[in-house]
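In the numbering used here, the protein residues as written are 72 to 296.
Written out as structure tokens, the structure reads:
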């Protein structure tokens, strides 16, 4: 049975118009992006198959390449690009509030400010959040990019950026592509080194976040800073 043969209230587009976008499931939203399914599946069934391949995890779906998406029968390059573009737009939407200089009061605020940049990456990157005296985010700077298991971090580069922005404090941030947010011994040693260097410059390292698979580890929350 095609979607056109369904009751009008059950069709994703009509459902969105009648009940609002929040009433739709992830599969129904993706079905709207697909527009159509295959001879074997409706767009909704195809969307469910795509989601099941990533354990219904939108973070993991965001990591899928165009090639991986086109492996599904009924998903050509155009549909794969549409899905990828929609997920990227959602990621950028999460970043848009940086223009209002959000204030960081806790680790959750830090996570919200940096996670969209790090959560879908297949490799490690190291960033810093630069904060004003009032704790407002005045910048986000990439320090380095590495491979799957690590990246090199230059303390001189970190603090030169902080001085350039006239930041009063910074928050260290990097991701673990493995999905395990727990810090390694190298992460702990680096954090201690940077905390000490910051104290000498009156630029305080308030936290170090490790982003992984939709969650995070906070050194400050765990009493490690």
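Virtual Cβ for every residue (Gly too), placed ideally from N, Cα, C.
According to DSSP, which residues form a beta bridge with residue i?
{"i": "residue 245", "result": "197 and 281"}
{"i": "residue 339", "result": "The structure shown does not extend to residue 339, since the chain is modelled only from 72 to 296, so the question has no answer here."}
{"i": "residue 208", "result": "202"}
{"i": "residue 111", "result": "Paired residues: none, contrary to the question."}
{"i": "residue 13", "result": "No statement about residue 13 is possible, as the shown extent of the chain runs from 72 to 296 and does not include it."}
{"i": "residue 213", "result": "198"}
{"i": "residue 174", "result": "207"}
{"i": "residue 275", "result": "240"}
In the DSSP assignment, find the unbroken alpha helix (DSSP H) run with residue i in it and report its ends.
{"i": "residue 178", "result": "178 to 189"}
{"i": "residue 271", "result": "256 to 272"}
{"i": "residue 90", "result": "83 to 90"}
{"i": "residue 137", "result": "137 to 140"}
{"i": "residue 131", "result": "129 to 132"}
When you compare the CB positions of residue i and residue j, do they come within less than 8 Å of one another, or not?
{"i": "residue 173", "j": "residue 180", "result": "yes"}
{"i": "residue 161", "j": "residue 195", "result": "no"}
{"i": "residue 226", "j": "residue 264", "result": "yes"}
{"i": "residue 132", "j": "residue 100", "result": "no"}
{"i": "residue 189", "j": "residue 135", "result": "no"}
{"i": "residue 152", "j": "residue 137", "result": "yes"}
{"i": "residue 262", "j": "residue 247", "result": "no"}
{"i": "residue 214", "j": "residue 228", "result": "yes"}
{"i": "residue 95", "j": "residue 87", "result": "yes"}
Between which two residues does the beta strand (DSSP E) carrying residue i extend?
{"i": "residue 99", "result": "Element bounds for residue 99: not the beta strand (DSSP E) but the alpha helix (DSSP H), 97 to 105."}
Taking residue i and residue j to be in contact with their CB atoms under 8 Å, please state how far apart those CB atoms are, rounded to whole angstroms.
{"i": "residue 210", "j": "residue 236", "result": "5 Å"}
{"i": "residue 239", "j": "residue 203", "result": "6 Å"}
{"i": "residue 150", "j": "residue 200", "result": "Not a contact, Cβ separation roughly 36 Å."}
{"i": "residue 292", "j": "residue 178", "result": "5 Å"}
{"i": "residue 185", "j": "residue 296", "result": "Contact doesn't hold; Cβ gap of about 16 Å is too wide."}
So does residue i have its beta carbon nearer than 7 Å to some heavy atom of the ligand MG?
{"i": "residue 149", "result": "Absence of the ligand MG from the depicted structure is noted, as is the absence of any ligand whatsoever, leaving it without description."}
Please confirm if the segment 94 to 104 is in contact with the segment 112 to 129, defined as three or more CB-CB distances below 8 Å between the two stretches.
-> yes
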